[in-house]
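Take a look at the structure set out below.
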Amino acid sequence: GAGVSQSPSNKVTEKGKDVELRCDPISGHTALYWYRQSLGQGLEFLIYFQGNSAPDKSGLPSDRFSAERTGGSVSTLTIQRTQQEDSAVYLCASSRDSFLAKNIQYFGAGTRLSVL
Amino acid sequence: TQLLEQSPQFLSIQEGENLTVYCNSSSVFSSLQWYRQEPGEGPVLLVTVVTGGEVKKLKRLTFQFGDARKDSSLHITAAQPGDTGLYLCAGAPDGGSQGNLIFGKGTKLSVKP
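Protein sequences appear in the order of chains A and B. Every position in the first sequence, counted from 1, becomes a number in our numbering once 14 is added. Every position in the second sequence, counted from 1, becomes a number in our numbering once 36 is added.
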């Protein structure tokens with residue numbers, strides 16, 4: 015596609031429910047990243063996928079968070095048993111190759127998650 | 037833990053004024069990027085600097101990478117209301133896998149007409 019697409023753009027859920035956030039990266043990009051941006055904060059790295067390599071999950075804040083990337087394209091970030099502190103904007107980015115020095119990432123518009 | 041400290045956190049100026057935003061770290065980065073983010077949108081890349089001491093210009097924006105590749109600055113000349121937004125610096129850790137970027141918390145710029 016022309017850019018990174020994320021859905022839904024907004025998600026309101028009740029505490030304790032599970033949510034799935036979707037990211038469709040730019041076609042041909044091998045690297046995909048998930049970040050979380052809380053109000054007034056910078057971007058917090060969550061997880062990244064590079065081709066067929068094992069994902070770097072070092073940024074996931076708890077075992078309630080997981081992500082998968084099927085067929086090297088679309089990715090889903092799942093948050094189980096959501097808590098109010100999970101409320102944030104979840105941003106997805108993709109890049110052609112994470113091992114290039116410049117590592118230019120292209121971001122989607124994000125999913126704004128509100129946990130009531 | 038590698039951190040990027042941005043300053044100031046907030047900046048409100050009048051149209052036509054100049055400003056500088058700083059991004060500092062005690063760690064070395066192989067490259068550093070500046071992004072601009074508008075409300076409801078994802079960050080959009082403005083520039084990438086790779087070489088220590090490098091200076092890049094983008095119209096009224098001047099970006100500089102420190103000689104030791106630990107810090108960077110963004111200078112805007114004659115700011116305009118269209119420059120309003122959140123400016124984020126992000127660094128690729130030196131010697132790292134380049135897999136993820138370390139982001140600063142951002143500088144929220146407001147330019148009043």
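All C-beta atoms in this analysis are idealised placements derived from N, C-alpha and C, irrespective of residue type, glycine included. All values derive from a computational prediction rather than experimental measurement.
Exercise for the section: Mind checking the segment 64-92 of chain B against chain A and listing, in chain order, the residues whose C-beta falls within less than 9 Å of any C-beta there? Expected result: Ser66, Ser67, Gln69, Tyr71, Gln73, Gly76, Glu77, Gly78, Pro79, Val80, Leu81, Thr84, Val86
Exercise for the section: Please list, in chain order, all residues of the same chain as Ser109 (chain B) whose beta carbon is under 6 Å from its beta carbon, the five residues on each side excluded. Expected result: Hits under 6 Å: Thr56, Tyr58, Gln100.
Practice task
Out of A:Leu127, A:Leu130, A:Arg126, A:Gly122, state which residue places its alpha-carbon closest to the alpha-carbon of Pro79 (chain B).
Solution key: A:Gly122
Handout entry: Rounded separation between Asp130 (chain B) and Gln98 (chain A) - CA only
Key = 35 Å
Handout entry: Exposure label - Asp32 (chain A); buried when at least 16 CB within 10 Å
Key = exposed
Practice task
Run down chain B in chain order and give the residues with a C-beta less than 9 Å from the C-beta of Phe79 (chain A).
Solution key: Here the premise fails: no neighbours, minimum Cβ distance about 15 Å.
Handout entry: Contact check, Lys144 (chain B) vs Leu122 (chain B), beta carbons under 8 Å
Key = yes
Exercise for the section: Specify the secondary structure class of Pro117 (chain B) as computed by DSSP and reduced to three states. Expected result: DSSP places Pro117 (chain B) in helix when its eight states are reduced to three.
Exercise for the section: Have a look at Ala107 (chain A) and Tyr120 (chain A) and give me their C-alpha separation to the nearest angstrom. Expected result: 5 Å
Exercise for the section: Compare the Cα-Cα distances from Gly17 (chain A) to each of A:Leu46, A:Ile93, A:Asp77 and report the closest residue. Expected result: A:Leu46
Practice task
Would you mind reading off the limits of the beta strand (DSSP E) that contains Glu82 (chain A)?
Solution key: Taken as a continuous stretch (DSSP letters only), the beta strand (DSSP E) holding Glu82 (chain A) covers 79-83.
Handout entry: Residue-chain proximity (Leu145 (chain B), chain A), Cβ-Cβ < 8 Å
Key = Not an interface residue.
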